[in-house]
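Residue numbers (UniProt numbering): 1 to 239. No residue lacks a Cβ here, since even glycine has one placed at the ideal position from N, Cα and C. See below for the structure under consideration.
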């Protein structure tokens, strides 16, 4: 059975992961700015995801489990209510952070597919599906308890129907996350096909050009290969 980390171990884990996230985001933004002197939509989604991640981590720092016990009944009740509210908001931040990363990937793929009408239609379908799944995940959190204020009442959501809805909510949200990732993988494969063909064309033409420098009798191979792979790539892009 896995051991549960104590408060100190949890704080170390949070700060290490926070440092990794900030470092990787800063590297991406600085590299992109130095390379192109501008940021794209996918970069802004990454920055938004970082802010939501920071907000999510801050929830873990608000509560102090080392408060001396026992507490007066009123204070204990107030702390429990605050903890339940923090848990509710943390779930919203958690899903928003995950979906910010998905939208970042979507916008990156959009830059690869822009100008290809057939592929862009698939992109819009995937975008609509990912957006719908995100909104459904957020809505499922609000439907766990009915009425909503019972979520952070002292008794909490402890009725059998509440527990069933909570179980269905987490299963749906997790399934939606997997489905969205699967859809992004399919969409990315469409762009990867174009990139792969372009790379093969580059390698073949470069090799033919290099061979012609050593053997003048092969000088015609370069234009032939360039024409052939250009037609292949053009045909693929029109699909």
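Sub-7 Å separation of residue i and residue j beta-carbons
| i | j | result |
| --- | --- | --- |
| residue 46 | residue 104 | yes |
| residue 152 | residue 93 | no |
| residue 126 | residue 95 | no |
| residue 258 | residue 169 | No statement about residue 258 is possible, as the shown extent of the chain runs from 1 to 239 and does not include it. |
| residue 183 | residue 128 | no |
| residue 180 | residue 135 | no |
| residue 32 | residue 43 | yes |
Pick from the options that is closest to residue i, judged by C-alpha positions
| i | options | result |
| --- | --- | --- |
| residue 57 | 43, 27, 84 and 19 | 19 |
| residue 107 | 143, 41, 33 and 142 | 41 |
| residue 167 | 143, 89, 90 and 6 | 143 |
| residue 86 | 61, 74 and 109 | 61 |
| residue 150 | 177, 110 and 80 | 80 |
| residue 23 | 8, 54 and 10 | 54 |
| residue 162 | 174, 91, 148 and 172 | 148 |
| residue 59 | 10, 175 and 74 | 10 |
| residue 186 | 74, 109, 171 and 91 | 109 |
| residue 174 | 27, 91, 117 and 157 | 91 |
| residue 88 | 157, 178 and 120 | 157 |
| residue 177 | 78, 82 and 131 | 131 |
Integer-rounded CB distance, given that residue j should sit under 8 Å from residue i
| i | j | result |
| --- | --- | --- |
| residue 113 | residue 123 | 6 Å |
| residue 13 | residue 29 | With a Cβ gap of about 25 Å, residue 13 and residue 29 do not count as contacting. |
Min CB distance residue i to chain B below 7 Å
| i | result |
| --- | --- |
| residue 166 | This model lacks chain B altogether, as it is built from one protein chain only. |
- So does the region 100 to 114 actually touch the region 36 to 52, counting three or more Cβ pairs closer than 8 Å? The region 100 to 114, when compared against the region 36 to 52, does touch it at the 8 Å Cβ threshold.
- Message: Please give me, in chain order, every unbroken run of the alpha helix (DSSP H) with length at least 4 that falls completely inside the region 71 to 137.
- Response: Entirely contained in the region 71 to 137, the alpha helix (DSSP H) runs reaching 4 residues are, in chain order, 73 to 113.
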